[in-house]
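**Student:**
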Amino acid sequence: LPSTGEYNVLVIPIEIQGHPFESTYATQLDKVFNANAIHTGWRSVSGYYFQSSYGNLELTFDIAPKYVTTNPASYYENQALDGDQYAIVEALQALDSQIDFSQYDVNNDGYIDSVIFVYSKAYDYDVDPWWAWVFSGQYGVASSIGKLDGKTFDYYMWASYEFIYDTIPGYDNLHVNSETFVHELGHLMGFPDLYSYEGDYEFGPLGGFDMMDYNVGDHGPLNKLLFGWLQPLVAKEGTYQVTLDNFGLDNDPFNNTLLIPYDVDDLDDGNAFDEYLLVTFYSPNGLYAAHSQLETVPEYAGVVVYHVDARMFDDNELWYEYFLYNNDGNEDFFVRILEADKNNSLPGNGSITQSDLLTSGTLDLSSYTWHQGGQIFVSISVATTITNDAENVTLNITVS
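According to the working numbering, the sequence shown is numbered sequentially starting from 804.
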């Protein structure tokens, strides 16, 4: 799915036999995908991405007629992880005459950009296929589907209708919840999960603090950078005074993130698939506000320092195979927070804490190392007072 531009995305409701949608399902789906904040209580998927992308991504979701499966839920459960594709094949074949799939290839590469399938059964993490994920129709039984109006079926989202009724603890204004759909759409655009699939800890190297980690707040600066939404400041070797705009309040892609590269020459290729630090001034505003009562979203503002290694494999096919590193295990992560308190609590059994953010004084990063070798000889000092509503913060930066 392209991460920039203005285009339409197809949503197909699949009613699992014996588990009917509520009578207002079409209205509710249009609300969770397309409505404004007044009608959702937070953000629709479209509204979230328009705000998070600074207007670089403007989506309209077309809600197709529902398809009712010919088999009960047990049939798809017997297919385990492949069960979603058995239902998807039925739906695509049945609705082919009613949908012009050719209009959902905005980049005209011959592939349907993505299709979102929303099934009617309640979700159950322990019983496949009743959870949420993104996968490719080029694998499994869906690969048998021929061209749909001249286009090839490929990436899709599979998620339960019941996710729209999830709550946000501590937030009482919610009408419909788009969190899961927002998270999964990040995968449709090629971004991996930022939580740990395996390991001994409940929380990974971000402590839950990201839409692609614990489904909270905004997309972080790395996500936005790789999606093509962000234009960071770049610090080479030397001493600087830098003013960063409030990441939670900013409404444009400029001056809210500082990038410090491992090797400045890596940036000459014009992409961000390299190793570097990202520095932002976080506050619990904007897309973070609704989640500010959760343990995975800090209550107070501060400077967040991320270590990123976004180098890629030369040969990859699926979104979760793109990068050399992931956020599993105990070291060598795709992206991690360099903790201001240096107590090595991330990853761990506790989430991000306020002390992981720099709020005053100086943070010397020389105790941390680059993946490609050597200490991170960077220091960051806070030069102005940090408050939640401050428009910006001034930092003294030394890179050596």
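Ideal Cβ placement from N, Cα and C applies to all residues, glycine included.
Could you work out which residue in Y964, Y879, A897 is closest to F932 when comparing CA atoms only?
**Tutor:** Before going further, note that residue 932 is Pro rather than Phe in the sequence given. Selected option, being the one with the closest Cα: Y879.
**Student:** Check this for me: beta carbons of P1024 and T1060, under 9 Å apart or not?
**Tutor:** In this structure, T1060 lies closer than 9 Å to P1024 by Cβ.
**Student:** Please list, in chain order, all residues of the same chain as N859 whose beta carbon is under 6 Å from its beta carbon, the five residues on each side excluded.
**Tutor:** Cβ within range, chain order: T807, W1032.
**Student:** Should Y1103 and L1160 be called a contact, given that it needs their Cβ atoms to be closer than 9 Å?
**Tutor:** Cβ distance < 9 Å, so Y1103 and L1160 count as in contact.
**Student:** Output the distance between the C-alpha atoms of T863 and F836, rounded to the nearest integer angstrom.
**Tutor:** Distance between the alpha carbons of T863 and F836 is about 8 Å.
**Student:** Between G943, G1177, Y1079, N1049, which lies nearest to Q885 when the distance is taken from Cα to Cα?
**Tutor:** It is worth fixing the name first, because residue 885 is Asp in this sequence and not Gln. D885 has its Cα closest to that of G943, out of G943, G1177, Y1079, N1049.
**Student:** For the beta strand (DSSP E) holding P816, just list the boundary residues, first then last.
**Tutor:** Note, P816: beta strand (DSSP E), 808-820.
**Student:** From the DSSP output, which residues share a beta bridge with M1115?
**Tutor:** Note: M1115 sits in a beta bridge opposite F1126.
**Student:** Whose CA, out of Q882, A894, E1120, lies closest to the CA of G873?
**Tutor:** Correcting the residue type first, residue 873 is Thr in the shown sequence and not Gly. Comparing Cα-Cα distances from T873 to each of Q882, A894, E1120, the minimum goes to A894.
**Student:** Given that a residue counts as buried once 16 or more other Cβ atoms are within 10 Å of its Cβ, and exposed if not, what is T1188?
**Tutor:** Result: exposed.
**Student:** Cβ of Y1128 within 9 Å of Cβ of D1117?
**Tutor:** No, the Cβ-Cβ distance between Y1128 and D1117 is not below 9 Å.
**Student:** Is it the case that the Cβ atoms of I902 and T955 are separated by a distance below 9 Å?
**Tutor:** The answer is no: Cβ separation not under 9 Å.
**Student:** What's the call for P875, buried or exposed, on a 16-neighbour Cβ count within 10 Å?
**Tutor:** So P875 counts as exposed.
**Student:** Cα separation between L804 and N811?
**Tutor:** Whole-angstrom Cα-Cα distance: 11 Å.
**Student:** Where Y1091 and E1120 are concerned, what is the direct C-alpha to C-alpha distance, given to the nearest angstrom?
**Tutor:** For Y1091 and E1120, the distance between alpha carbons rounds to 32 Å.
**Student:** Could you check where the beta strand (DSSP E) with P875 kicks off and where it finishes?
**Tutor:** Run containing P875: 870-875, per the beta strand (DSSP E) assignment.
**Student:** Y1043 to Y857, Cα distance in whole Å?
**Tutor:** If you take the alpha carbons of Y1043 and Y857, they lie about 27 Å apart.
**Student:** So, at 8 Å on beta carbons, what are the nonlocal neighbours of A883 in its own chain, with the 5 sequence-adjacent residues on each side left out?
**Tutor:** For A883, where only same-chain residues beyond five positions count, the Cβ hits under 8 Å are D931, P932.
**Student:** Who are E1078's beta bridge partners in DSSP?
**Tutor:** D1112, per the DSSP bridge assignment.
**Student:** Assign P823 to one of two classes, buried (16 or more other C-beta atoms within 10 Å of its C-beta) or exposed (fewer than that).
**Tutor:** By the 10 Å Cβ count, P823 comes out exposed.
**Student:** Does the Cβ of P1101 have 16 or more other Cβ atoms within 10 Å, making it buried, or fewer, making it exposed?
**Tutor:** By the neighbour-count rule (16 or more Cβ atoms within 10 Å), P1101 is buried.
**Student:** Which whole-angstrom value describes the C-beta separation of N959 and I891, a residue pair presumed to lie in contact below a C-beta threshold of 8 Å?
**Tutor:** Just to set this straight, residue 959 is Tyr in the shown sequence, not Asn. About 7 Å separates the two Cβ atoms, so the contact holds.
**Student:** Check P1101 in the structure and name its three-state DSSP category.
**Tutor:** DSSP places P1101 in coil when its eight states are reduced to three.
**Student:** Check the C-beta distance from V1185 over to T1201 and give it rounded, since I have them as a contact under 8 Å.
**Tutor:** The pair is not a contact, with the Cβ atoms about 13 Å apart (cut-off 8 Å).
**Student:** Would DSSP call Y968 helix, strand or coil?
**Tutor:** Y968 falls in the helix class under three-state DSSP.
**Student:** Per DSSP, what are the beta-bridge partners of R1139 in this structure?
**Tutor:** DSSP lists H1110 as partners of R1139.
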